[in-house]
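A.B. asks:
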Amino acid sequence: MSIPFIAVPLILASIMPLIGKISKRFLPDLLTNTAFLFLLLYSVFAGRQTLLNGADVWKAWWFGEALNITLVLDGFSALMLLTISLIGLSVALYSINYMEHYEAKANFYALLLIMIAGMNGLVLSNDVFTLYLFLEVAAIASYGLIAFGLQRDQLEASLKYLLLSSVATAFILLSIAIVFGLTGSLQLDKIAEGISASNGLPVAGFCMALFIMGFGLKAAIVPFHAWLPDAHSSAPAPISAMLSGVLIKVSGIYALTRVCFTIFGMQGGLGQVLMLLGIVSILIGAIQALGQNDIKRMLAFSSISQIGYIILGLGVGTPLGILGAMFHLFNHAIAKGLLFLNSGALEQATGTRELDRMGGLARKMPITAGTSVVGSLAIAGVPPLNGFWSKLLILLALVEAKYYGLALIAALAGILTLWYYLIIQRRAFFGKLNETWNHITEAPFWMSFSVLLLATACVLIGLLFPAVILDWIKPAADTFAAGISQTIGLLGF
Amino acid sequence: MHIFLLLGLVLCSILAVFFSDLLKAAISLAGASVFLALVLFEMGATYAGVFEISVVAGLITVLFIATISLTEKKEDAKHNKRMRLLFPLVFIGFILIDVLVMSQYLVKLSSLAGPAETGVFGQVFWGGRTFDLVAQIAIILAGVFCVLALFRKRSGDE
Amino acid sequence: MSDFWTVNIFFVGLLFLIGLYCLLAMKSLIKLLIGLELLAKGIMLALIATGFEKNTILTAQSLAISFIVVEVSVLATAMAMIINMYRHTKSLDIKNLTNLKG
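Residue numbers (the working numbering), protein chains in the order written: chain F, 703 to 1195; chain R, 3 to 160; chain C, 94 to 195.
1. If you measure between the beta carbons of residue 944 (chain F) and residue 793 (chain F), is that distance less than 7 Å?
2. Give a yes or no on whether the minimum CB-CB distance between residue 845 (chain F) and chain C is below 7 Å.
3. Please confirm if residue 184 (chain C) has its CB atom under 7 Å from at least one CB of chain F.
4. Spell out the partners DSSP gives residue 889 (chain F) in its beta bridges.
5. Please report the Cβ distance between residue 1112 (chain F) and residue 1126 (chain F), rounded to the nearest whole angstrom; I am assuming they are in contact, meaning their Cβ atoms lie under 8 Å.
6. If we define contact as Cβ-Cβ less than 7 Å, is residue 106 (chain R) a contact residue for chain C?
7. On the three-pair Cβ rule with 8 Å, is the segment 749–756 of chain F touching the segment 827–837 of chain F?
8. Kindly list, in the order they appear in chain C, the residues whose Cβ is closer than 8 Å to that of residue 939 (chain F).
9. Compute the distance between the beta-carbons of residue 838 (chain F) and residue 163 (chain C), then report whether it is under 7 Å.
10. Nearest-angstrom Cα distance between residue 994 (chain F) and residue 70 (chain R)?
11. What does residue 838 (chain F) touch in chain R if you count any residue whose Cβ is under 7 Å from its own?
12. So the candidates are F:1041, F:787, F:1141 and F:1070; which of them puts its Cα closest to the Cα of residue 1132 (chain F)?
13. When you check each C-beta in the segment 123–141 of chain R against every C-beta of chain F, which residues fall closer than 8 Å?
14. In the DSSP assignment, find the unbroken alpha helix (DSSP H) run with residue 1222 (chain F) in it and report its ends.
15. Any Cβ of chain F within less than 7 Å of the Cβ of residue 64 (chain R)?
16. What's the C-alpha gap between residue 940 (chain F) and residue 5 (chain R)?
17. Could you list which residues in chain R have their beta carbon closer than 7 Å to that of residue 168 (chain C), in chain order?
18. To the nearest angstrom, how far is the alpha carbon of residue 195 (chain C) from that of residue 187 (chain C)?
19. Could you tell me the alpha carbon to alpha carbon distance between residue 177 (chain C) and residue 857 (chain F), rounded to whole angstroms?
20. So, for residue 1062 (chain F): in the same chain, excluding its five sequence neighbours on each side, which residues have a beta-carbon less than 8 Å away from its beta-carbon?
21. Quick check on residue 159 (chain R) - is its C-beta less than 7 Å from some C-beta in chain F?
22. Looking at the C-beta of residue 53 (chain R), does it have a partner C-beta in chain F at a distance below 7 Å?
23. Residue 770 (chain F) and residue 132 (chain R) - do their beta-carbons sit closer together than 7 Å?
24. Using only alpha-carbon positions, find the residue among F:977, F:1005, F:1087 and F:978 that is nearest to residue 989 (chain F).
25. I need the boundaries of the alpha helix (DSSP H) containing residue 12 (chain R), first residue and last residue.
26. Since residue 845 (chain F) contacts residue 864 (chain F) with CB under 8 Å, what's their CB separation in whole angstroms?
27. So residue 9 (chain R) contacts chain F; which residues on that side make the cut at Cβ distance below 8 Å?
28. Using only the alpha-carbon positions, how far apart do residue 761 (chain F) and residue 785 (chain F) sit?
29. Below 8 Å on the Cβ atoms is my guess for residue 847 (chain F) versus residue 801 (chain F); work out the distance and round it to an integer in Å.
30. Pull the bridge partners of residue 1143 (chain F) from the DSSP assignment, please.
31. Give me the DSSP bridge partner(s) of residue 772 (chain F).
32. Determine, using beta-carbon pairs with one atom in the segment 159–174 of chain C and one in the segment 140–156 of chain R, whether at least three such pairs fall under 8 Å.
33. Just reading off the alpha helix (DSSP H) that residue 1091 (chain F) is part of, what are its end residues?
34. Give me the chain C residues within the contact set of residue 70 (chain R), using Cβ-Cβ distance strictly less than 7 Å, ordered along the chain.
35. Based on Cα-Cα distance, which residue from F:1173, F:854 and F:1003 lies nearest to residue 1123 (chain F)?
36. Put residue 844 (chain F) into one of helix, strand or coil per three-state DSSP.
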């Protein structure tokens, strides 16, 4: 029964304008947050079901007649649904206070719900074209959300994102058309059989390249990352959290993994290409983050770097690597969402995003400072927070597969990550209190509540990581078991 | 016959890119849509052809003309002479490379025969691709809400 | 795959080239949208040509119609953004897109 994941946000979004007419603030807030809470609880429930019963394939019925809607919920989908719902709930709670001065809250919530519905539909679909359509749903909603403030910077960032994203769309669709031509089917499993049976290997390689270019742009892998710093720094803070934490992972990494691993398996080139792109992303993201003065741009470049870690783990192809990559996906979503929400609280309190002008704010905004420290340490990989375990898994996987050089580079980049995060903490929160900020106060209630929620999640997942891995991450990694056994054979374990 | 329609499509596209006057460019784009629709008709895709004419050559051209009228100014963007002269070279170069690559790889391509298609278009669309329709509803909703958000009245414009 | 399909895919490649050239080389915001449109035409041709080749023209038409809906939505959003941008800067020049450092 996976249809509520798509149906609930979509139906609520379509009646949101009416609700907005009745009550400008209270009812949209209440209904949206209730919907997100429901989605979170339902995704936990669905995850438990998947753990116990294996993958769930659900076909829709309408008054006794079978509709042709097939929703597939396996381990990977369950993990993504949990991530989407958790970050979505935090963002919705945060928006209760933050979106006050943007007006048109009902419109904002409607777009947010449509984006969630699109992402949920993406992870639940079995058909590559439907996957593309839901990707487009989430993308169109995100264009509107980035430009929501109607200021010049936001419009410019959103237009650049729209143009680049549409080119990526064109590549993805061309590849889908050619794959359809090669195999005659659009269902992922049938395509996999078809490709392994056909002999059109160069053309299959061309299709794979097109998919990597298209989905790679959505995931902001270097060299397709040019849109991300502008879009994530100009967007309203809850949207930055949503984009950086969830959208690039769902429409980029999930789609890339699902399509490429299922269709093409782990044949030779794919793993190498992903590892190369991953290590380049890690380095370029980390180096460019060091030179930034704007806190949100620094966080955006850090996202590029961490996505590089995830792609690196996926590229290795061993069970440990994929396990580490998916765990890091989950952890980064929580921690990065937390950091972006905090940067929004800073921006709202001080009116600026530049680190030079901030200073010593920890005294005035203790909750923001504390949760920010937790989030930074989590991403940088400091024990016992969650990021440490996922990065460790990826490094172990690299060492196990004998890529010692890459492991060394990844470890050094981890130190770089810690360095620039400490810069943010020192410049923004600690040190002498800048005189201009004597009058500011802590962030409003709901904003603090949502960041405390995410920070608690970071700590708990870090402490309870064996349970988390066994219950959630391992089923996700196991969906690629067939491809993995191929890689293990190649590496000679 | 088919090849002439395709050539007409490419010609109209090139015109649409290189006309300086935006209105003429939009009209050439509509012309390209008509050629594409004729190509689709000839391949038997009648429903797609009808959609192409009514939506792309109709609705989207109207949207273009509306946007152009709302934003036109007397002195417009200067066009880059160098890029225009460079285009024929790029074009011919692409054709040569593409013909070489494709004649090598594609002629020997084998493909699986898909399942035979039964039924009429309505059955295939509503019955076979039902999930796509849910996605289409979501896309239309997303587009509507985006446009509403971008055109809303702000109290106290800056 | 027959020669007919190959010829069609060749023209798809041409349309992609023209569209990408328009996106890279043109200086007006609306010309960028024309570039997007040309990419979309290429996609339509590719989808229908593949469907014709595999004798599954009805499924291919469904895909093409869904794609047209996506195209309209994206274009409407883009035009709304361009009109808003025009209100800010009173110009359609692409130089307005280079304000942020990227």
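Just so you know, even glycine gets a beta-carbon here, dropped at the ideal spot from N, CA and C.
In this text the structure is predicted, and so the values were computed from the model without any measurement.
C.D. replies: Reading it off the structure:
1. yes
2. By this cut-off, residue 845 (chain F) is an interface position.
3. no
4. In the DSSP output, where bridge partners are listed per residue, residue 889 (chain F) has F:829.
5. Cβ atoms of residue 1112 (chain F) and residue 1126 (chain F) stay farther apart than 8 Å, at about 21 Å.
6. no
7. no
8. Result: empty, since nearest Cβ-Cβ is about 17 Å, beyond 8 Å.
9. yes
10. Each residue's Cα considered, the two are about 38 Å apart.
11. 141
12. F:1070
13. 129, 130, 131, 132, 133, 134, 136, 137, 138, 139, 140 and 141
14. With chain F running from 703 to 1195 in the structure shown, residue 1222 (chain F) is simply not present.
15. no
16. 52 Å
17. 62 and 65
18. The predicted position of residue 195 (chain C) is uncertain, since its pLDDT is 49 and thus under 50; a value taken from the coordinates is nonetheless stated next. So the two alpha carbons sit approximately 15 Å from each other.
19. 8 Å
20. 1131, 1132, 1133, 1134, 1135, 1136 and 1139
21. Caution applies to residue 159 (chain R), whose pLDDT of 48 falls short of 50 and renders its modelled position unreliable; the model cannot decide the point.
22. no
23. yes
24. F:1005
25. 4–20
26. 5 Å
27. Per Cβ cutoff of 8 Å: no residues; residue 9 (chain R) is ~21 Å from chain F at best.
28. 24 Å
29. Not confirmed; about 11 Å, so no contact.
30. According to DSSP, which records beta bridges pairwise, residue 1143 (chain F) is partnered with nothing at all.
31. By DSSP's assignment, residue 772 (chain F) forms a beta bridge with F:761.
32. yes
33. Counting along the chain, residue 1091 (chain F) sits inside the alpha helix (DSSP H) bounded by residues 1088–1102.
34. 123
35. F:1003
36. Helix at residue 844 (chain F).
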